[in-house]
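Chains B and A, in that order, are what the protein sequence lines are.
The numbering of the first sequence is this note's numbering, which starts it at 109 and goes up by one.
The numbering of the second sequence is this note's numbering, which starts it at 109 and goes up by one.
Number of protein chains: 2
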Amino acid sequence: MPVTLPAVSLALSGERFVAVYRLAGDPAEAQRKALDICLEQTVELPLALVPAGDIRDHIVGRVESLESAEAGYCRARISFAVETAGSELTQLLNVAFGNTSFKSGIRLERLDLPEGLLRAFPGPRFGREGLRSLLDAPRRPLLGAALKPMGLPPSGLAQLAYQFALGSIDLIKDDHGLANQPLAAYRERAQRCAEAVARANRQTGLNCLYAPNISAPADQVLDRALWARQVGAGALLITPGLTGFDVMRQVAADDRVALPIVSHPAFQGSFVAHPDQGISHYTLFGQFNRLAGADVSLVINYGGRFASTLQDCLAWAAGTAAPMGHLKSIFPAPAGSISLDRMPEMLRVYGNDALFLMVGDLYQQGPDLTENCRRWRRLVGRIAAAEA
Amino acid sequence: MPVTLPAVSLALSGERFVAVYRLAGDPAEAQRKALDICLEQTVELPLALVPAGDIRDHIVGRVESLESAEAGYCRARISFAVETAGSELTQLLNVAFGNTSFKSGIRLERLDLPEGLLRAFPGPRFGREGLRSLLDAPRRPLLGAALKPMGLPPSGLAQLAYQFALGSIDLIKDDHGLANQPLAAYRERAQRCAEAVARANRQTGLNCLYAPNISAPADQVLDRALWARQVGAGALLITPGLTGFDVMRQVAADDRVALPIVSHPAFQGSFVAHPDQGISHYTLFGQFNRLAGADVSLVINYGGRFASTLQDCLAWAAGTAAPMGHLKSIFPAPAGSISLDRMPEMLRVYGNDALFLMVGDLYQQGPDLTENCRRWRRLVGRIAAAEA
């Protein structure tokens, strides 16, 4: 006879959110996995030990549907009381995939969140519309570049930033490996690059945005964001895989900062490395980024030096725009092996609502970086005109 | 003719750290992957575009050795200038595995960090020795339990905490799903459970530690840690997969908090889900946790409801104690399917330097939770005596 845990009566709203999982196995195996998720992600006890009453009836997850999917897989919709997540992003991620990340053959595919839960998350401050408005670019594709390589001093990076901006690039980000190393310390780098871009903007009449990398120790991220604002940077770059998603959310929610945020996916590749496990590109890089306030989600592009497939990238981009209550849609920003040659294909795949990031090929096109950028801009304009 | 990037001369210390990768493929394929890591993790440009001089010679990673390993794999030791990481944990993780996490067939196996880099990280405040000293338990295995299920109110959780502590459990943690939900709000829960454990300690003369879960929004983690300290909690639980490793480091380094930290691996399972990809248990849960100041690394145990293997768990435990300069060794805390029946096996596998976490079987052994805990303690004592 086991310990008797008290049955309790809970004041629950009745609102539930849904997590959709793809489960490897036949329907019997999938049924077992789905029931296991219901317990593991909430009470973490065998059902026999869960006290009767509201905990058993409403806190334990509930299999809303289970159906066969692609060969060898099933798809389960599992609902959880919104009270299991409270109003914290950290705990929402935990309920959706915490311990289940250690089980095999389970992939989190999508979240369907009711307004009662979404209300806790302001989401992207700018989103697609806000960024287009800042750039006075109502419809066209956006063009971006990155400052690299690591090792250049702030003056050298600022010189590159100036040339990119003069070449009509829309957004220039720090390479995500530029942190606060002695090679190009954050404050000086951010200030010099912001000034260089401002100088170019005065010449071009455009509003190129410079995004310094604020991925940093937890107690310094907000300081770096405020410094960026102070020196006139137009955007921010952050890597939630390194800082935690919630650190990005905190920056996005801070009215003193109020800058568009580019989310970099570094260190998160293992979540999407195996089709049987992890989290879908749609949810990890689309839905989670939007819950955490990103305005741009950098996409690890297919066809180049990474393992991404076209299908991965399409799911990634779809997650940036799928309906999520009041949460704004955000820009996918394909990066990695983007070149002038590939632009017709890139525009076909991603459409106009994308921010294309290029560096290597801009360095390679000829000796004048500014002219190379302008050539890219003209090419994209010609492709768009031909299709209109 | 490409853009000419300036050659620069850098003031480098000459110190380098080493990351060891297991690469899928034959030696030719592994060589290609290793050279790719050298560029991807630093300059992120093709070698032809990297400026001559110190960037090419010292910033680009360097393959120190490449040898065949298990069938189908090679092992590469790649060194990076300590200046690529600066003194920030976020950037160290980035250099070790940032973009490479999106490449296939690459697993980060180990970091070898020189003292010049380790100096930036105080590491565990207590470690094995410190925790043993707090518990006045110089040699024996430690026993732990968790407060669950989610849905119980603070009074019910405190009652469980009291019974566990009276039963001579060493460490009682919140279930990692207890955050700040209305079901059992953090401040009240932490206070009531800390008081309950203090009351039991007065009766037993022991020093059972209660670890409330401070995994929370980024701007609230430190507040929760300070509240825990204020209400007399003896330890803390945090989930770096949700908050980011560096948030844990920040808490560990704060002298106002100064409590032992239990690190929970939820949400990090995808990093270890596939043998060809991700990060080894040794490095992710051993080395990274120690760099980030954890004193206990919760181990997802084998032989139960998770995908872990015995080998995974041994690697996990090895990483908690492997030499890392001044960084203290920490306790592995096997959890998941620990039962009285399995204790002989568990003690053989993990030895005495482990903190065993059990809940389900303590609930199942009989109606009196305190007596069940005492039975566990006696059993472990008998096994130890028989082996002495």
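Just so it is clear, CB atoms sit at the ideal spot from N, CA and C, and this is done for glycine as well.
Output the boundary residues of the alpha helix (DSSP H) element that contains A:R357.
-> That run of the alpha helix (DSSP H) goes 353–361.
Is it the case that the Cβ atoms of A:A298 and A:A341 are separated by a distance below 7 Å?
-> Cβ atoms of A:A298 and A:A341: closer than 7 Å.
State the Cα-Cα distance for the pair A:E175 and A:R183, rounded to the nearest angstrom.
-> Using only the alpha carbons, I get a separation of about 5 Å.
With DSSP as the reference, label A:C182 as helix, strand or coil.
-> Annotated three-state conformation of A:C182 is strand, per DSSP.
Sort A:L448, A:S416, A:F414, A:D403 by Cα distance to A:S437 and report the nearest one.
-> Comparing alpha-carbon positions, the option among A:L448, A:S416, A:F414, A:D403 lying closest to A:S437 turns out to be A:D403.
Segments of 3+ residues assigned as beta strand (DSSP E) that fall wholly inside the stretch 392–473 of chain B | Runs found: 404–408, 439–443, 463–465.
A:A493 by DSSP, collapsed to three states: which one?
-> It is helical.
Where does A:M109 land, buried or exposed, given buried means 16+ other C-beta within 10 angstroms?
-> Result: exposed.
Please state if the CB of A:L216 and the CB of A:T391 are separated by a distance shorter than 7 Å.
-> A:L216 sits close to A:T391, with the two beta carbons spaced by under 7 Å.
Which of the three DSSP states, helix, strand or coil, is assigned to A:I277?
-> Three-state result, A:I277: coil.
When burial is assigned at 16 or more other CB atoms within 10 Å of the CB, is B:L274 buried or exposed?
-> By the 10 Å Cβ count, B:L274 comes out buried.
If you draw a straight line from the alpha carbon of B:N409 to that of B:S447, how long is it in whole angstroms?
-> B:S447 has its alpha-carbon roughly 11 Å from the corresponding atom of B:N409.
Would you list, in chain order, the members of the stretch 275–306 of chain A that have their beta-carbon closer than 8 Å to a beta-carbon of chain B?
-> For the stretch 275–306 of chain A, residues whose beta-carbon sits nearer than 8 Å to a beta-carbon of chain B comprise D283, H284, G285, A287, N288, Q289, P290, L291.
Just mark A:H389 as buried or exposed, buried being the case when its beta carbon has 16 or more other beta carbons within 10 Å.
-> Classification for A:H389: buried.
Using a Cβ-Cβ distance under 7 Å, would B:D461 count as near chain A?
-> Between B:D461 and chain A, the shortest Cβ-Cβ separation is not below 7 Å.
Inter-residue spacing [alpha-carbon to alpha-carbon] between A:Q289 and A:G427 | Approximately 34 Å between the Cα atoms of the pair.
Answer with yes or no whether the minimum CB distance from B:L491 to chain A is below 7 Å.
-> Per the sequence shown, the amino acid found at residue 491 of chain B is Ile instead of Leu. For B:I491, the answer is no, since every Cβ of chain A falls outside 7 Å of its Cβ.
Cα-Cα, which of A:L251, A:I346, A:R218, A:F414 is closest to A:C481?
-> Of the candidates A:L251, A:I346, A:R218, A:F414, the one whose C-alpha sits nearest the C-alpha of A:C481 is A:L251.
Classify B:H166 as buried or exposed, calling it buried when 16 or more other Cβ atoms lie within 10 Å of its own Cβ.
-> Residue environment: B:H166 is assigned as buried (16 or more neighbouring CB atoms within 10 Å of its CB, all protein chains considered).
May I ask you to report which of helix, strand or coil DSSP gives A:A189?
-> Three-state result, A:A189: strand.
Do you know offhand how far A:G180's Cα is from B:L268's?
-> Taking the straight line joining both Cα atoms gives about 43 Å.
Does any CB atom of chain B fall closer than 7 Å to the CB of A:M109?
-> For A:M109, the answer is yes, since a Cβ of chain B falls inside 7 Å of its Cβ.
Quick one, which residues of the stretch 233–257 of chain A are near chain B if we go by CB-CB under 9 Å, in chain order?
-> So the list reads A254, K256, P257, given in the order they occur along the chain.
Count the CB pairs spanning the stretch 359–368 of chain A and the stretch 226–233 of chain A that are closer than 8 Å, and state whether there are at least three.
-> Yes, they touch.
Meets three-Cβ-pair contact criterion under 8 Å: the stretch 205–212 of chain B and the stretch 220–227 of chain B | Output reads no: the stretch 220–227 of chain B does not touch the stretch 205–212 of chain B.
Do A:S323 and A:T347 have their CB atoms nearer than 7 Å?
-> A contact, by the Cβ cut-off of 7 Å.
Beta bridge counterpart(s) of A:Y129 as assigned by DSSP = Answer by DSSP bridge pairing, in chain order: A:A184, A:L216.
Residues of the stretch 368–393 of chain B whose Cβ lies closer than 9 Å to any Cβ of chain A, in chain order | Those would be H372, P373, A374, F375, Q376, G377, S378, F379, V380, A381, H382, D384, Q385, G386, I387, in chain order.
With a Cβ-Cβ cutoff of 7 Å, do B:D354 and A:P325 count as a contact?
-> Their beta carbons are under 7 Å apart, which means B:D354 touches A:P325 by this criterion.
With respect to the alpha helix (DSSP H) encompassing A:G235, which residues constitute its N-terminal and C-terminal limits?
-> From DSSP, the alpha helix (DSSP H) with A:G235 extends over 235–243.
Are A:Q199 and A:G169 close, meaning C-beta to C-beta below 7 Å?
-> No; because the gap between Cβ atoms is not below 7 Å, this pair is not in contact.
Evaluate A:A193 with the Cβ neighbour count: other Cβ atoms within 10 Å of its Cβ, from every protein chain shown; 16 or more gives buried, anything less gives exposed.
-> Answer is buried; the Cβ neighbour count reaches 16.
With 8 Å as the C-beta to C-beta threshold (strictly closer), list the residues of the stretch 196–212 of chain B near chain A in chain order.
-> Per Cβ criterion, the list reads E196, L197, T198, Q199, L201, N202, V203, F205, G206, N207, T208, S209, F210, K211, S212.
Would you mind telling me which residues of chain A sit closer than 8 Å to B:V158, beta carbon to beta carbon, in chain order?
-> Those are P257, listed as they occur along chain A.
Alpha carbon to alpha carbon, how far is B:Q473 from B:A333?
-> Here the C-alpha atom of B:Q473 lies approximately 34 Å from the C-alpha atom of B:A333.
Bridge partner(s) assigned by DSSP for A:S195 | According to DSSP, residue pairing for A:S195 in a beta bridge does not occur.
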